[in-house]
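Residue numbers (the working numbering), protein chains in the order written: chain A, 25 to 159; chain B, 4 to 766. This report refers to the structure that appears directly beneath it.
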Amino acid sequence: MDLPAQIAGFVVAVATTALVVMRAATAPAPSPPKHASAQDRAGFAAQIASREDDWRGKAAKDFPSDDWSQRDAFHGHEAASVRELAGISGVPYEEVFRAIDDDLHHASAPPGRGGARRPDRSVNAVPVKPRPIFD
Amino acid sequence: MISRLARHVTLRLAFFCVLAAVFVWPILGQAAHINEFRDVHHLFLYERSAIDTIRRYGELPLWNPYYCGGFDAVGAPQTRFVSPTLLLGLLFGAERAEILTVFFFAVVGMEGMYRWLRLRVTEPLAALVVAPVFALSGQYAVAYHRGWVQFMGFELVPWILLGVTLAVRRKPSGIAIASIAFATMLGFAGFFAAPLVALAAIFESVRALAEEPRTARLRSMAMLLATASFMATVAMLRLWPVAETLLSAPRIMAGTPGHAPKALLAALVGVLAVKDGNTDVNGSFYVGAGFLALFALGMHHRSALPSVIIAMICGWLATGYASRISSFGMLRELPIFAAIRYPERFLWLGILFASAPVAGALARVPYIGEGRKWRVGTVVVLLAGVAWTVGGEIAAFHRVALARTMGVVTEGRVADFHQSRGNRWLAVHLESQNIGSLSCYETHRLAESTLLRGDLPAEEYLAPDAADAGTVKRLAWSPTKITLSVDVSRPARVLVNQNWAPGWHATVGKVVSHEGLLAVDMPAGAHEVALAFLPWSTLGGATVTLASLVALAWIGVRARRRGEIFSKRQLVGTTLLVVMPWVVAGVAYAASPDDRWPPPRMTNPNGSAAIVAEGDVHVATPIGAAFSLPLRVEEGRVTGPDEHQNLLVEVYFRRLASIPKATTMFVHLERRKEETPVPKDHEEFFNADHQVVGGSFYLSDTPQGALVRDAFGVHIDKAAPGTWDVWAAFGHVSGRKGRSLVTSPGAATASDHRVRIGTFVVH
Numbered sequence: 025m026d027l028p029a030q031i032a033g034f035v036v037a038v039a040t041t042a043l044v045v046m047r048a049a050t051a052p053a054p055s056p057p058k059h060a061s062a063q064d065r066a067g068f069a070a071q072i073a074s075r076e077d078d079w080r081g082k083a084a085k086d087f088p089s090d091d092w093s094q095r096d097a098f099h100g101h102e103a104a105s106v107r108e109l110a111g112i113s114g115v116p117y118e119e120v121f122r123a124i125d126d127d128l129h130h131a132s133a134p135p136g137r138g139g140a141r142r143p144d145r146s147v148n149a150v151p152v153k154p155r156p157i158f159d
Numbered sequence: 004m005i006s007r008l009a010r011h012v013t014l015r016l017a018f019f020c021v022l023a024a025v026f027v028w029p030i031l032g033q034a035a036h037i038n039e040f041r042d043v044h045h046l047f048l049y050e051r052s053a054i055d056t057i058r059r060y061g062e063l064p065l066w067n068p069y070y071c072g073g074f075d076a077v078g079a080p081q082t083r084f085v086s087p088t089l090l091l092g093l094l095f096g097a098e099r100a101e102i103l104t105v106f107f108f109a110v111v112g113m114e115g116m117y118r119w120l121r122l123r124v125t126e127p128l129a130a131l132v133v134a135p136v137f138a139l140s141g142q143y144a145v146a147y148h149r150g151w152v153q154f155m156g157f158e159l160v161p162w163i164l165l166g167v168t169l170a171v172r173r174k175p176s177g178i179a180i181a182s183i184a185f186a187t188m189l190g191f192a193g194f195f196a197a198p199l200v201a202l203a204a205i206f207e208s209v210r211a212l213a214e215e216p217r218t219a220r221l222r223s224m225a226m227l228l229a230t231a232s233f234m235a236t237v238a239m240l241r242l243w244p245v246a247e248t249l250l251s252a253p254r255i256m257a258g259t260p261g262h263a264p265k266a267l268l269a270a271l272v273g274v275l276a277v278k279d280g281n282t283d284v285n286g287s288f289y290v291g292a293g294f295l296a297l298f299a300l301g302m303h304h305r306s307a308l309p310s311v312i313i314a315m316i317c318g319w320l321a322t323g324y325a326s327r328i329s330s331f332g333m334l335r336e337l338p339i340f341a342a343i344r345y346p347e348r349f350l351w352l353g354i355l356f357a358s359a360p361v362a363g364a365l366a367r368v369p370y371i372g373e374g375r376k377w378r379v380g381t382v383v384v385l386l387a388g389v390a391w392t393v394g395g396e397i398a399a400f401h402r403v404a405l406a407r408t409m410g411v412v413t414e415g416r417v418a419d420f421h422q423s424r425g426n427r428w429l430a431v432h433l434e435s436q437n438i439g440s441l442s443c444y445e446t447h448r449l450a451e452s453t454l455l456r457g458d459l460p461a462e463e464y465l466a467p468d469a470a471d472a473g474t475v476k477r478l479a480w481s482p483t484k485i486t487l488s489v490d491v492s493r494p495a496r497v498l499v500n501q502n503w504a505p506g507w508h509a510t511v512g513k514v515v516s517h518e519g520l521l522a523v524d525m526p527a528g529a530h531e532v533a534l535a536f537l538p539w540s541t542l543g544g545a546t547v548t549l550a551s552l553v554a555l556a557w558i559g560v561r562a563r564r565r566g567e568i569f570s571k572r573q574l575v576g577t578t579l580l581v582v583m584p585w586v587v588a589g590v591a592y593a594a595s596p597d598d599r600w601p602p603p604r605m606t607n608p609n610g611s612a613a614i615v616a617e618g619d620v621h622v623a624t625p626i627g628a629a630f631s632l633p634l635r636v637e638e639g640r641v642t643g644p645d646e647h648q649n650l651l652v653e654v655y656f657r658r659l660a661s662i663p664k665a666t667t668m669f670v671h672l673e674r675r676k677e678e679t680p681v682p683k684d685h686e687e688f689f690n691a692d693h694q695v696v697g698g699s700f701y702l703s704d705t706p707q708g709a710l711v712r713d714a715f716g717v718h719i720d721k722a723a724p725g726t727w728d729v730w731a732a733f734g735h736v737s738g739r740k741g742r743s744l745v746t747s748p749g750a751a752t753a754s755d756h757r758v759r760i761g762t763f764v765v766h
């Protein structure tokens, strides 16, 4: 009696696993995204650039004398704007980020310390230094 | 009959697979999407980049260039690809693999719980039905909602405890089970759970030893030591690189988190729901009131006492600093427990240990009364209680998993990898473009160069002092290997826009750290140079892991042939096999050709050095105040407020002898009393207490005798106009609490065990 029961158990375990794997593997993929036009991209870059001073000011106020937290707050504002712009235009976040990245690379700074030509665009790295209390 | 069937592994697995399938079923439809919760953007990026590195470049994912300017991927405590689940990602892609990982871990967790419970519960049916309670409990739902998939590794804890008890019972299989489960858990990013596991293993060891006859305890102790040793050495592939990372950039946690018993009860029985995009403490460890009732029912039996005591200790630990006597606070004084952040996670262990009395209740209560009606009735009621519990857990998981904000990663990779300013809040959307994000977050500091830039015309270039020496051109790029054509008229340094780390090597020239940036010093001439990342920590760790597995297998063979492995006849051979991986580790460590990380930099949040040389203080006010704690405030300075209403406070102090970890600097900003009345909606007091200097080190870890500059900002929006004083004092945030006495104020004014370190005026 035990052997048929064990075989039945094996079949159920394998069938259930196969069902789960199949459903995960065949879950509907997202529809192909709409691409941003060159004009859209220029618009994204300009909008982000125009808001950056405001974000930096807010971040400086919220996190006095804390370089990493200020930069992180800056990027928090930027993320909200990226979501907003992508949502309005119906394009993926990637398109907005590419537009910002192209804009920052467009008039590339010279390498090394000479890159200080455009310090206001926050393109340098601020080493991560998590606050000891996150909450 | 059902009890008899429960003994069959295939039937049990069938039951667990069906339950796990019900657990994940509604979420499977979203498998192609990603969770957009903030933490996902680094955790999922780690997994995605590892899979991409293997799939696209055919390389082991040893280096991750897509985040923070690049880091040792095996050495990062939160990467989870060093585990068998990587295969799921390779087969189905990172997105679809996530929910499959949850499914498989749930099954593994239930089976582990069953086996562990059966060590002490004789009734298979009781163990079978109680096993899912821990494996599907509310914290897994919370973790999944937040994208903390690595928390599924906690499902391996019952296996580790099973291994520990089997080892104490002198079964060699226990050593293998505990070691492999622990290594898998660490490979799956279980580092922040490891201290909890260590504690659980200690509880389990003590209990299991107490169950053994006195005459056998010595051999059981030897088995335990062998288990602990193999747990460390089998996991060395991961332990060594992560230890290197955390020693160079430690995780510092401060604060005094705590929960009242009522809040913990709400965590166990409350309704788990999503509010404002996140879950709160209610229901976060959901097992339901039915489970607690069954636990109460199971407490009455003497055999349940050890489990009940351990569960109670876990409950006490979960209260954190809210208890009058904080066991959690005491635990945090120990090195590996210092970085534990959430005391409530001890509830997880509490649930695990409480499952034994619950299973005991199910096994015994039907036999308390007499007659078939009583037995059938109680079995039905008790099973209904467990079914209600498990049903509630599954419903909670569905509720919060389906409340996630879902997104889509769009592939659109640029031909040449480059760093961008990036955005850690949405970083996955950059990795999918083959672009790195310099904006980053981790739970520990990272060695990140300040020279990294997100706007360079080329990612590899000559250092500024050799910019006119020739040219650098990228020939090929992959995450762990960069090939360059370098043509220079004189020796020159080539900089790469990624972080340096031990393990980078070059085929020509010498790899160096250029202010934290990856760089190679090239000789004059035209060269093709390949930079490759192959860290010794991973190679050495893998060798130790392999040696340990061989030793374990050998021990297994010897045990099969000759019986108990710590018998007099086998003692020497077994000891040699236990020690052998450590010898391999020692040799590997000594033979390392890689440079070592420099010691962590002690800095303030504004980037200034936190340890300064004598005489480096030029404009601060001398103080020279001494306290009953061995601390001395030498000087102070208050700058501001600036246009943002921010104040910069600098306190220069020394630690003269050892102090407890809980020592805190109390900083009070007070408006002078004689000023005019405080206008409505304005403040006359601000607090800037802190236990950690600049997020870098505890006050207790400051180098003894060194002059520390503790610089921090305070936002004083709505400060009432007038003259303000800044006061500093020392004391304890837990334990003894209270302020240290000012034994000598020096040149400062003292008040209420505080010294004034400066003043400022608000107009």
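C-beta: ideal position from N, C-alpha, C; glycine also. Because the structure is a prediction, the values reported are computed rather than measured.
Consult DSSP for residue i and reduce its assignment to one of helix, strand or coil.
i: Arg59/B; result: helix
i: Phe106/B; result: helix
i: Leu122/B; result: coil
i: Asp619/B; result: coil
i: Tyr49/B; result: helix
i: Val150/A; result: coil
i: Val560/B; result: helix
i: Pro625/B; result: strand
i: Glu463/B; result: strand
List the DSSP bridge partners of residue i.
i: Tyr70/B; result: Ser440/B
i: Leu533/B; result: Note on identity: in this sequence residue 533/B is Ala, with Leu being the wrong assignment. Thr486/B.
i: Ser6/B; result: Partner(s): none; Ser6/B has no beta bridge.
i: Tyr701/B; result: Val695/B
i: Arg674/B; result: Trp727/B
i: Ile614/B; result: Val711/B
i: Gly734/B; result: Thr667/B and Arg742/B
i: Glu686/B; result: Ala722/B
i: Tyr655/B; result: Glu638/B and Arg712/B
On the DSSP letters alone, give me the boundaries of the beta strand (DSSP E) that residue i sits inside.
i: His693/B; result: Where His693/B is concerned, there is no enclosing beta strand (DSSP E), given that its DSSP letter is neither H nor E.
i: Ile760/B; result: Arg757 to Val765
i: Lys476/B; result: Gly473 to Ser481
i: Thr642/B; result: Leu634 to Thr642
i: Ala49/A; result: Run containing Ala49/A: none in the beta strand (DSSP E); it sits in the alpha helix (DSSP H), Asp26 to Ala49.
i: Val507/B; result: In the sequence as presented, Val is not what sits at residue 507/B; that position holds Trp. From DSSP, the beta strand (DSSP E) with Trp507/B extends over Trp507 to Ala509.
i: Ala522/B; result: Leu520 to Met525
Where do the N-terminal and C-terminal ends of the alpha helix (DSSP H) with residue i fall, by residue?
i: Gln142/B; result: Gly141 to His148
i: Ile313/B; result: Leu308 to Ala321
i: Phe185/B; result: Pro175 to Gly190
i: Ile124/A; result: Tyr117 to His130
i: His432/B; result: Val431 to Glu434
Measuring CB to CB, does residue i end up less than 9 Å from residue j?
i: Arg572/B; j: Arg565/B; result: yes
i: Val515/B; j: Leu534/B; result: no
i: Gly92/B; j: Pro154/A; result: no
i: Gly1/B; j: Pro156/A; result: What is shown of chain B runs 4 to 766, which leaves residue 1/B out entirely.
i: Met239/B; j: Ser551/B; result: yes
i: Gly78/B; j: Ser452/B; result: no
i: Val27/B; j: Ala109/B; result: yes
i: Val382/B; j: Leu300/B; result: no
i: Trp243/B; j: Val587/B; result: no
i: Arg658/B; j: Ser703/B; result: yes
Along the segment 21-33 of chain B, where does the CB come closer than 8 Å to a CB of chain A? Name the residues.
Val21, Ala23, Ala24, Val27, Trp28, Leu31, Gly32 and Gln33
Near-chain B residues of the segment 80-94 of chain A (beta-carbon distance less than 8 Å), N- to C-terminal order:
Gly81, Ala84, Lys85, Asp86, Phe87, Pro88, Ser89, Asp90, Asp91, Trp92 and Ser93
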